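Here the structure comes first, spelled out in structure tokens, and everything after it is commentary.
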Amino acid sequence: MPPRIRIISICICIFIVVYVFELVRRKRLNEEYSFGWLVTGSMMLILSVSEDLLTWVSETVGATLFTSTLFFFGLTFLVIICLHFSIRISVLTNQVRTLSQHIGILYHEKKRLEKATEPPEGHSS
Amino acid sequence: MESLVAMKQGSQKKRPFSGEEEADAIDPLTLLSVLPAEVSEKVDKPLIVIPAFDEEQNIGVVIEGIREQVPQFPILVVNDGSSDGTARVLDEMGVDFITLPYNLGYGVALQTGFIYALQNGYNSIIQIDADGQHDPSQILDLHRELMTGDADVVIGSRFLDGGKYKTPFFRHMGIKMFSLLASICCRQRVTDPTSGFQALRGKAIRLVASSYYPPDYPDADYLILLHRCGIKMKEIPVNMDPKPEGKSMHHGHKPLYYVFKMFLSIFVTLMRQKPSI
Numbered sequence: 001m002p003p004r005i006r007i008i009s010i011c012i013c014i015f016i017v018v019y020v021f022e023l024v025r026r027k028r029l030n031e032e033y034s035f036g037w038l039v040t041g042s043m044m045l046i047l048s049v050s051e052d053l054l055t056w057v058s059e060t061v062g063a064t065l066f067t068s069t070l071f072f073f074g075l076t077f078l079v080i081i082c083l084h085f086s087i088r089i090s091v092l093t094n095q096v097r098t099l100s101q102h103i104g105i106l107y108h109e110k111k112r113l114e115k116a117t118e119p120p121e122g123h124s125s
Numbered sequence: 001m002e003s004l005v006a007m008k009q010g011s012q013k014k015r016p017f018s019g020e021e022e023a024d025a026i027d028p029l030t031l032l033s034v035l036p037a038e039v040s041e042k043v044d045k046p047l048i049v050i051p052a053f054d055e056e057q058n059i060g061v062v063i064e065g066i067r068e069q070v071p072q073f074p075i076l077v078v079n080d081g082s083s084d085g086t087a088r089v090l091d092e093m094g095v096d097f098i099t100l101p102y103n104l105g106y107g108v109a110l111q112t113g114f115i116y117a118l119q120n121g122y123n124s125i126i127q128i129d130a131d132g133q134h135d136p137s138q139i140l141d142l143h144r145e146l147m148t149g150d151a152d153v154v155i156g157s158r159f160l161d162g163g164k165y166k167t168p169f170f171r172h173m174g175i176k177m178f179s180l181l182a183s184i185c186c187r188q189r190v191t192d193p194t195s196g197f198q199a200l201r202g203k204a205i206r207l208v209a210s211s212y213y214p215p216d217y218p219d220a221d222y223l224i225l226l227h228r229c230g231i232k233m234k235e236i237p238v239n240m241d242p243k244p245e246g247k248s249m250h251h252g253h254k255p256l257y258y259v260f261k262m263f264l265s266i267f268v269t270l271m272r273q274k275p276s277i
């Protein structure tokens with residue numbers, strides 16, 4: 001792999017890993033959601049640093065260019081992460097829907113109770 | 001606090017018949033702050049449920065019609081996050097209504113009404129659309145059939161016995177196609193799988209209030225689900241007017257999504273294990 005692309009790739013991977021750590025430290029990203037990014041960044045970093053491993057992986061998957069291997073694995077990880085987030089969004093959508101139904105019913109009950117406990121008109125305490 | 005604990009428990013509970021993908025799903029019934037009321041099946045306690053979204057123009061007429069035809073039946077409108085004056089009209093008319101915080105769709109609004117009905121011990125539900133398509137004078141026909149027949153779901157069909165309801169060509173073809181699919185899967189003739197004019201009781205109410213109910217356009221897939229749960233359904237002929245005011249919920253690009261969703265939903269409904277309600 002040409003040294004320039006290797007340096008750029010290593011820098012990007014280090015940036016992703018460090019930035020994700022920082023986001024977790026600042027509590028802007030939950031540990032649960034940092035896992036996929038850290039695994040992706042670390043794997044790409046290992047592939048970029050170790051030429052032997054990259055050569056072996058490229059030969060195994062049949063890639064003629066080392067950069068193609070990096071793109072292939074990067075894209076695969078991104079697809080997995082997107083699928084994971086689609087599942088999470090579906091779960092959250094169902095939870096928000098149920099909570100909204102519950103809020104609607106509770107608000108209705110609150111109004112009903114308020115009406116029932118309202119003092120009759122003209123009544124002063 | 002109890003509700004939050006119940007929600008947490010509900011989200012962690014894995015039902016034996018549900019797949020791994022459903023492990024995080026909350027059953028709406030687990031969120032009930034009050035357990036479903038115990039009501040004798042012999043004592044009929046009906047409720048009319050009307051899901052309404054931006055129906056300021058029509059809802060008043062529908063309520064008046066119901067009050068005129070079946071004054072003995074309580075009404076619950078589920079205001080599905082309407083942005084017009086639907087809530088104001090309902091308030092002025094003194095109708096019991098639940099307002100959802102934002103627009104969640106027809107199926108979710110309907111399900112909310114069913115959850116409310118279970119909480120409050122209603123044992124038969126008549127669902128009717130808020131757009132004035134359905135004739136309130138036929139509510140009694142549906143209810144009578146529900147009470148005297150052996151079906152737990154009675155559906156008002158526009159097309160049964162040579163009904164004269166006219167639909168645009170492509171919608172008509174869609175209804176025909178899904179009627180055929182539902183008929184094959186349910187092993188009984190289904191003529192109007194998209195009808196929102198229905199009467200339900202017992203197990204059917206619990207199914208709609210559960211997480212098995214498909215809230216995103218519940219039509220043919222819902223009927224197949226009923227069949228798979230062993231719930232008997234029956235169609236009776238009803239009159240319906242074409243939508244008087246406002247847009248159909250199947251407008252714009254939605255018909256394409258509807259067809260895709262319905263095929264997928266029917267397929268997965270058939271592939272899943274039978275829900276135990």
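Order-wise, the sequence lines are chains A and B.
Using my numbering, you'd call the opening residue of the first sequence number 1 and step up by one each time.
Using my numbering, you'd call the opening residue of the second sequence number 1 and step up by one each time.
C-beta: ideal position from N, C-alpha, C; glycine also.
Because the structure is a prediction, the values reported are computed rather than measured.
Host alpha helix (DSSP H) of residue i (start-end)
i, result
"glutamine 127 (chain B)", "Note, glutamine 127 (chain B): premise wrong, no alpha helix (DSSP H); beta strand (DSSP E) at 124–127."
"arginine 28 (chain A)", "First-last for arginine 28 (chain A): undefined, no H or E at that position."
"phenylalanine 197 (chain B)", "Neither: phenylalanine 197 (chain B) is in no alpha helix (DSSP H) and is coded neither H nor E."
"valine 108 (chain B)", "106–119"
"aspartate 91 (chain B)", "86–93"
"tyrosine 258 (chain B)", "254–271"
"tyrosine 222 (chain B)", "220–228"
Which residues DSSP lists as bridging residue i, in chain order
i, result
"serine 9 (chain A)", "Answer by DSSP bridge pairing: none, since serine 9 (chain A) is not bridged."
"alanine 130 (chain B)", "Answer is none; alanine 130 (chain B) lacks a bridge partner."
"glutamate 235 (chain B)", "B:Ile155"
"threonine 99 (chain B)", "B:Asn79"
"methionine 240 (chain B)", "B:His134"
First through last residue of the beta strand (DSSP E) which encompasses residue i
i, result
"leucine 65 (chain A)", "Here leucine 65 (chain A) belongs to no beta strand (DSSP E), and DSSP marks it neither H nor E."
"valine 190 (chain B)", "No beta strand (DSSP E) contains valine 190 (chain B), which DSSP labels as neither H nor E."
Interface flag, residue i vs chain C, CB-CB below 7 Å
i, result
"isoleucine 81 (chain A)", "Checking the listed chains, one finds no chain C in this structure; the protein chains it contains are A and B."
Among the options, nearest to residue i - alpha-carbon criterion
i, options, result
"phenylalanine 73 (chain B)", "B:Tyr122, B:Met233 and B:Ile59", "B:Tyr122"
"valine 89 (chain B)", "B:Gly107, B:Ala130, B:Ser124 and B:Gly105", "B:Ala130"
"alanine 117 (chain B)", "B:Pro215, B:Phe267 and B:Asp44", "B:Asp44"
"serine 179 (chain B)", "B:Glu56, B:Thr194 and B:Phe53", "B:Thr194"
"phenylalanine 85 (chain A)", "A:Tyr33, A:Val17 and A:Pro2", "A:Tyr33"
"isoleucine 63 (chain B)", "B:Gly230, B:Phe267, B:Asp96 and B:Gln111", "B:Asp96"
"alanine 209 (chain B)", "A:Glu118, A:Thr98, A:Lys110 and A:Leu29", "A:Thr98"
"glycine 156 (chain B)", "B:Thr191, B:Gly174, B:Ala182 and B:Ile184", "B:Thr191"
"isoleucine 125 (chain B)", "B:Arg67, B:Asp221 and B:Ile115", "B:Ile115"
"glycine 74 (chain A)", "A:Pro120, A:Val18 and A:Gly36", "A:Gly36"
"glycine 81 (chain B)", "B:Ile66, B:Leu100, B:Gly65 and B:Pro71", "B:Leu100"
"proline 3 (chain A)", "A:Val17, A:Thr117, A:Ala116 and A:Phe66", "A:Phe66"
"tyrosine 217 (chain B)", "B:Leu270, B:Thr148 and B:Lys254", "B:Lys254"
"aspartate 161 (chain B)", "B:His134, B:Asp84, B:Gly65 and B:Glu235", "B:Glu235"
"valine 39 (chain A)", "A:Val61, A:Arg6, A:Ile8 and A:Thr76", "A:Thr76"
"serine 83 (chain B)", "B:Val77, B:Leu110 and B:Phe53", "B:Phe53"
Closer than 9 Å at the beta carbon, the chain B residues around residue i
i, result
"serine 100 (chain A)", "Gly81, Leu100, Pro101, Tyr102, Leu104, Val108 and Thr112"
Cross-chain neighbours of residue i in chain A, by beta carbon under 7 Å
i, result
"glycine 115 (chain B)", "Note that residue 115 (chain B) corresponds to isoleucine in the displayed sequence, not to glycine. What isoleucine 115 (chain B) touches in chain A: Gln101 and Ile105."
Three-way DSSP call (helix, strand, coil) for residue i in this model
i, result
"proline 136 (chain B)", "helix"
"alanine 23 (chain B)", "For alanine 23 (chain B), the pLDDT reaches just 43, beneath the cut-off of 50, and the residue's location in the model is therefore unreliable, leaving the point undetermined."
"aspartate 54 (chain B)", "coil"
"lysine 110 (chain A)", "helix"
"isoleucine 184 (chain B)", "helix"
"arginine 201 (chain B)", "strand"
"isoleucine 287 (chain B)", "Nothing about residue 287 (chain B) can be read from this structure; chain B reaches only from 1 to 277."
"valine 70 (chain B)", "coil"
"methionine 1 (chain A)", "coil"
"leucine 160 (chain B)", "coil"
"valine 49 (chain B)", "strand"
"serine 42 (chain A)", "helix"
"glutamate 118 (chain A)", "coil"
"serine 33 (chain B)", "Unreliable placement is indicated for serine 33 (chain B), whose pLDDT of 44 sits below 50; no coordinate value is reported for it."
"lysine 166 (chain B)", "coil"
"isoleucine 52 (chain A)", "Looking at the sequence provided, one finds aspartate at residue 52 (chain A) rather than isoleucine. Helix at aspartate 52 (chain A)."
"lysine 13 (chain B)", "A caution first: lysine 13 (chain B) carries a pLDDT of 42, below 50, which makes its placement in the model too unreliable to give a value."
"aspartate 141 (chain B)", "helix"
Proximal residues of chain B, C-beta to C-beta of residue i below 7 Å
i, result
"histidine 84 (chain A)", "Chain B residues near histidine 84 (chain A): none, gap ~13 Å exceeds 7 Å."
Contacts that residue i makes with chain B (C-beta to C-beta distance below 8 Å)
i, result
"arginine 97 (chain A)", "Leu104, Val108 and Pro215"
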